[in-house]
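*Asks:*
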Amino acid sequence: MKKEDTVKLISSDGFEFVVDKEAAMVSQTIRNMLTSPGSFAEREHGQVTFPEISSTILEKICQYFYWHLEFASGKDREFPIEPELTLELMMAANYLHT
Amino acid sequence: MNFRVASDPEYFDKNWNILKHAIREIFKCNDNARHLSFGELHRHAYYMVLHNFGEKLYSKLVATMTSHVKEIAKSVEASEGSSFLEELNTKWNDYYKALEIIRDILMYMDRTYIPSTKNKPVYELGLNLWRENVIYSNQIRNRLSNTLLEFVFKERAGEDVNRELIRNVTKMLIDLGPSVYEQVFETPFLQVLAESYKAESHKYIEFV
Numbered sequence: 001m002k003k004e005d006t007v008k009l010i011s012s013d014g015f016e017f018v019v020d021k022e023a024a025m026v027s028q029t030i031r032n033m034l035t036s037p038g039s040f041a042e043r044e045h046g047q048v049t050f051p052e053i054s055s056t057i058l059e060k061i062c063q064y065f066y067w068h069l070e071f072a073s074g075k076d077r078e079f080p081i082e083p084e085l086t087l088e089l090m091m092a093a094n095y096l097h098t
Numbered sequence: 099m100n101f102r103v104a105s106d107p108e109y110f111d112k113n114w115n116i117l118k119h120a121i122r123e124i125f126k127c128n129d130n131a132r133h134l135s136f137g138e139l140h141r142h143a144y145y146m147v148l149h150n151f152g153e154k155l156y157s158k159l160v161a162t163m164t165s166h167v168k169e170i171a172k173s174v175e176a177s178e179g180s181s182f183l184e185e186l187n188t189k190w191n192d193y194y195k196a197l198e199i200i201r202d203i204l205m206y207m208d209r210t211y212i213p214s215t216k217n218k219p220v221y222e223l224g225l226n227l228w229r230e231n232v233i234y235s236n237q238i239r240n241r242l243s244n245t246l247l248e249f250v251f252k253e254r255a256g257e258d259v260n261r262e263l264i265r266n267v268t269k270m271l272i273d274l275g276p277s278v279y280e281q282v283f284e285t286p287f288l289q290v291l292a293e294s295y296k297a298e299s300h301k302y303i304e305f306v
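The listed protein sequences correspond, in order, to chains A and B. End of the first sequence sits at 98 in my numbering; the numbers just go up one at a time, nothing left out. End of the second sequence sits at 306 in my numbering; the numbers just go up one at a time, nothing left out.
1. For the 8 Å Cβ check, are there 3 or more pairs between the stretch 251-261 of chain B and the stretch 204-211 of chain B?
2. Could you list the residues in the stretch 208-237 of chain B with a C-beta less than 8 Å from some C-beta on chain A, going in chain order?
3. Tell me which same chain residues have a C-beta within less than 7 Å of the C-beta of B:Q289, skipping the five on either side of it?
4. Name the chain A residues whose beta carbon is nearer than 9 Å to that of B:E370?
5. Which residue marks the beginning of the beta strand (DSSP E) containing A:L9, and which one marks its end?
6. Taking DSSP's pairing of strands, which residues face A:V48 in a bridge?
7. Specify, as a first and last residue, the run of the alpha helix (DSSP H) that B:D273 falls within.
8. Pull up the CB-CB distance for B:I233 and B:R239, whole angstroms please, since I reckon it's below 8 Å.
9. Taking C-beta to C-beta, are A:D20 and A:T6 nearer than 8 Å?
10. Residues of chain A with CB closer than 7 Å to the CB of B:M163, please, in chain order.
11. Output, in chain order, the set of chain A residues within a Cβ distance shorter than 9 Å of B:K195.
12. Is A:A41 close to chain B? Criterion is C-beta to C-beta, closer than 8 Å.
13. Would you please verify whether the beta carbon of A:Y95 is less than 8 Å from any beta carbon of chain B?
14. Using only the alpha-carbon positions, how far apart do A:H45 and A:M90 sit?
15. Using a Cβ-Cβ cutoff of less than 6 Å, which residues in the same chain neighbour A:Q49 once the five nearest sequence positions on both sides are dropped?
16. Taking DSSP's pairing of strands, which residues face A:F17 in a bridge?
17. Output yes or no for whether 8 Å exceeds the beta carbon distance between B:L186 and B:V174.
18. I want to verify the contact list: residues of chain A whose CB lies under 7 Å from the CB of B:G137, in sequence order.
19. Are B:I124 and A:G38 close, meaning C-beta to C-beta below 8 Å?
20. Does the distance from the C-beta atom of B:K158 to that of B:W228 stay below 8 Å?
21. Looking at the unbroken alpha helix (DSSP H) that takes in B:F182, where does it start and where does it end?
22. Relative to chain A, which residues along the stretch 254-279 of chain B have a C-beta separation below 7 Å, given in chain order?
23. As a quick exercise: from B:H133, B:E108 and B:D106, pick the residue whose alpha carbon is nearest that of B:H119.
24. Which value, in whole angstroms, describes the spacing of the CA atoms of B:D106 and A:K60?
25. Suppose the cutoff is 7 Å on Cβ atoms and the five residues either side in sequence are ignored; what does the same chain contact list for B:P286 look like?
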């Protein structure tokens, strides 16, 4: 995995998730951050901080990114969501446009 | 994610000032935007819309963009002679790039606030402002038409002209809408062309 092809997502509590750009760009918000014509800090450093998303939620989101890619290529697997995460996940999904 | 309730009466102004400052930096199109964080700007805009400040945000955006476009119009109007087209083209390229960035930052507003109103999305708003304030400015519209025609006829007369520049400017007119291209370039062009062919054909007829 080359460094240019990945992006580091940082949760509010400081956990770092390194994922493929392709996966992260399942989120329209992250896609805009990484592709917008301006030379923003995120693009320069290849990392995005989410001061309002906890590591538990961000981990789930990263799993979802990969699940989404697999689903798009025809692999239909179950995506388990713990009931206690739903509300926060939904708010994060709204924010990330996922 | 936590919902911070915006009970602070200065909430909007504080956040808007951050965005306004950033938008100005983006319009300057220099490297200053490098220290800006897309995520932070997007987050400010996101929470403003979430807290029902969509309308206020939109009207402030319109005001900021309008004043910027008017400044551009002035500087294009003031450009002298042959630098006119170049000035217009450079300013357009910078403006277009900035517009794309602003649209991306305010994507949440475009997605949730705009569809429930009659307002135009950011991108369209930007093109409209440019058309009304720059292209249709009294001191620009005719001058632009004439300069383009001049270039075309210069080239026909065998002079070297900057084709790239003409291509870029006519492309801008098309981007602004087919009617803009027609009014500013196509119609006057066909008119002048018809006259020049008429004159030329008369010359041949007299020859015979």
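Just so you know, even glycine gets a beta-carbon here, dropped at the ideal spot from N, CA and C.
*Replies:* Taking the geometry as given:
1. Judged by pairs of C-beta atoms under 8 Å, the stretch 251-261 of chain B does not touch the stretch 204-211 of chain B, as fewer than three such pairs exist.
2. Cβ proximity to chain A below 8 Å picks out R209 from the stretch 208-237 of chain B.
3. Within the same chain, B:Q289 has no close Cβ partners at all.
4. The structure shown does not extend to residue 370 of chain B, since chain B is modelled only from 99 to 306, so the question has no answer here.
5. Element bounds for A:L9: T6 to I10.
6. Under the DSSP definition of a beta bridge, A:V48 partners with A:L9.
7. Counting along the chain, the unbroken alpha helix (DSSP H) around B:D273 starts and ends at R261 to D273.
8. B:I233 to B:R239, Cβ: 6 Å. Contact.
9. Contact flag set, yes.
10. Within chain A, no residue comes near B:M163; the closest Cβ sits about 16 Å away, beyond 7 Å.
11. Correct list: P37 and G38.
12. Answer yes: the Cβ-Cβ gap between A:A41 and chain B drops below 8 Å somewhere.
13. For A:Y95, the nearest CB of chain B lies under 8 Å from its own CB, placing it at the interface with that chain.
14. Approximately 28 Å between the Cα atoms of the pair.
15. Position check: residue 49 of chain A holds Thr in this sequence, whereas Gln was assumed. I10.
16. Among the bridge pairs identified by DSSP, A:F17 is matched with A:L9.
17. Contact flag set, yes.
18. The answer, in chain order, is M33, E42, V48 and T49.
19. Taking 8 Å as the Cβ cut-off, B:I124 and A:G38 qualify as a contacting pair.
20. It is not a contact, given that the beta carbons lie outside the stated cut-off.
21. Residues S181 to I203.
22. So nothing in the stretch comes that close.
23. The shortest C-alpha separation from B:H119 is found at B:H133.
24. So the alpha carbons of these two residues sit roughly 33 Å apart.
25. So the list reads S243 and L247, once near-sequence residues are dropped.
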